[in-house]
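Residue numbers (the working numbering), protein chains in the order written: chain A, 76 to 289; chain B, 76 to 289.
Following: one structure in structure tokens, then a few remarks.
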DNA sequence: AAGGAACTGGACTGTCCAGTACTCTAGAGA
DNA sequence: TCTCTAGAGTACTGGACAGTCCAGTTCCTT
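Next comes the structure, spelled out in structure tokens:
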């Protein structure tokens, strides 16, 4: 007898979740049938309905589950060394890693999926925006506030600055990805967007020489 | 007999286009049936199929038709008075009008519609991005170049600056609107985003005093 | 006034799909 | 070993919808 860690039921549950996630991400909500999911999970349709009451509930569960997986990005945005000399480099690294993380095909597909179904599931979109996006922005705002307290940045409204920072970085590539079916960017392009965004951000928020000396 | 300007056929054609536009915008592509469109246009389904070969072609025609209607925004972005003293005010007015135009519910619905179906119709998304968005950005870049030539802005890459400008303005409200079903912003909020964006943009691109004196 | 083209209304086909019902099998625990 | 539950497989119901067909009507043109 193999040591199976979980019971059969829990294993099936997991298999269905994974199959449904993959199917919804790649084929969208209306494009995915419950038969597709059952087949992909190697499970009978009955079993799908034993674990999830209906298609909508399964979809909602999957989307909400993904909002819990952004801890990596939050951590990324927290850890910015407070070092005046290397500020541009630190922010540049942050920007590049941030862009790379958010422009992964999976993340973009998730974004498309939520937007496409925002009218069918308005609560899902709102929840994802606030718990996902909002948490990252709030964290980034805290980081900026810290840098401003150290005199490294000149910032009135940290949350607004965080939004502007992210907008400078993401506006171009995210739009391209949203309107074209698949993302077409290279890593080099992403790095370019990151550097250009940081340059503009710093041009706007670098303290003047007098301020830097208190 | 009334003077009908156009023949019966042309009138029906137009009625179908308008009905289909309204239906697709409010209920999405899969959510709209050909029967819905026929009923809304007060036309028989046969007639719909006489004018348009099938649902996909009708959809494509509608989306492409909208890309021709952005002349207003292009004009908006062309006409920025070259006046050093009032630059912030000029850009502020441009930003407010730009935001108001692009955050109209109709425009946002169109955006959602194209993004939601970007995998089904990748050419449509690409065409809209390039002929719609791209044209506005290129025009704005030209305007910025003109302002830079006058010494009113310090700009290396005008197209990049145009993208940054638009990103600063639109990132916040567009995201909110995309993820929540319906737009929730007031005009006052839009004006706030516009002013904040312009302030950051100018902080980054205002020439230093020496440069302003040549 | 007459002919033809366009339109109407509704029935019809074929397909897809969410969700259910039922029988039979396999596996986990007592 | 016996039993009971979860699952497999598959057929079925009910409804939606794209696209077609046809018989009868309205409009425009000449």
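Positions of the beta carbon are idealized from the N, C-alpha and C atoms, including for glycine.
I'd like to know if residue i contacts chain A, where contact means its C-beta is closer than 8 Å to some C-beta of that chain.
i: residue 278(B); result: yes
i: residue 239(B); result: yes
i: residue 143(B); result: no
i: residue 137(B); result: no
i: residue 275(B); result: yes
i: residue 247(B); result: yes
i: residue 243(B); result: yes
i: residue 235(B); result: yes
i: residue 271(B); result: yes
i: residue 76(B); result: Because residue 76(B) carries a pLDDT of 37, less than 50, the predicted location of this residue cannot be relied on, and no value is offered for it.
Since residue i and residue j are thought to touch, with beta carbons under 8 Å apart, how far apart are those beta carbons, to the nearest angstrom?
i: residue 212(B); j: residue 155(B); result: So it is not a contact: roughly 15 Å between Cβ atoms.
i: residue 225(A); j: residue 233(A); result: Incorrect: roughly 13 Å between the Cβ atoms, too far for contact.
i: residue 258(B); j: residue 183(B); result: 6 Å
i: residue 279(A); j: residue 278(B); result: 4 Å
i: residue 237(B); j: residue 216(B); result: 4 Å
i: residue 187(A); j: residue 253(A); result: 6 Å
i: residue 228(A); j: residue 282(A); result: 7 Å
i: residue 192(B); j: residue 104(B); result: 5 Å
i: residue 159(B); j: residue 273(B); result: Not a contact, Cβ separation roughly 15 Å.
i: residue 87(A); j: residue 109(A); result: Not a contact, Cβ separation roughly 15 Å.
Checking contacts by CB at 8 Å: is residue i closer than that to chain B?
i: residue 230(A); result: no
i: residue 178(A); result: no
i: residue 167(A); result: no
i: residue 88(A); result: no
i: residue 289(A); result: Residue confidence for residue 289(A) is low, a pLDDT of 49 falling below 50, so the modelled location carries little weight; the figure read from the coordinates is stated next. It does not: the Cβ of residue 289(A) has no partner Cβ on chain B nearer than 8 Å.
i: residue 98(A); result: no
message: Could you check whether the region 160-180 of chain B touches the region 261-272 of chain B, counting it as contact only if at least three pairs of C-beta atoms, one from each stretch, sit closer than 8 Å?
response: yes
message: Measuring CB atoms only, is the region 236-249 of chain A touching the region 237-245 of chain B, in the sense that at least three cross pairs come out at less than 8 Å?
response: yes
message: Below 8 Å, how does it come out for the region 137-148 of chain A and the region 199-206 of chain A: are there three or more Cβ pairs, yes or no?
response: yes
query: On the three-pair Cβ rule with 8 Å, is the region 112-128 of chain A touching the region 144-160 of chain A?
result: no
query: Would you call the region 177-186 of chain B and the region 91-99 of chain A in contact, with 3 or more CB pairs under 8 Å?
result: no
message: Beta carbons nearer than 7 Å to chain A: which residues of the region 182-203 of chain B have them?
response: 187, 189, 190, 191, 193, 194, 197, 200, 201 and 203
field: Chain-ordered residues of the region 102-116 of chain A with a beta carbon less than 8 Å from chain B
entry: 103 and 105
task: Identify each residue in the region 255-266 of chain A for which the Cβ-Cβ distance to at least one residue of chain B is less than 9 Å, and report them in chain order.
output: 255, 256 and 257
- request: Can you give me, in chain order, the residues of the region 206-223 of chain B that have a beta carbon less than 8 Å from any beta carbon in chain A?
  value: 208
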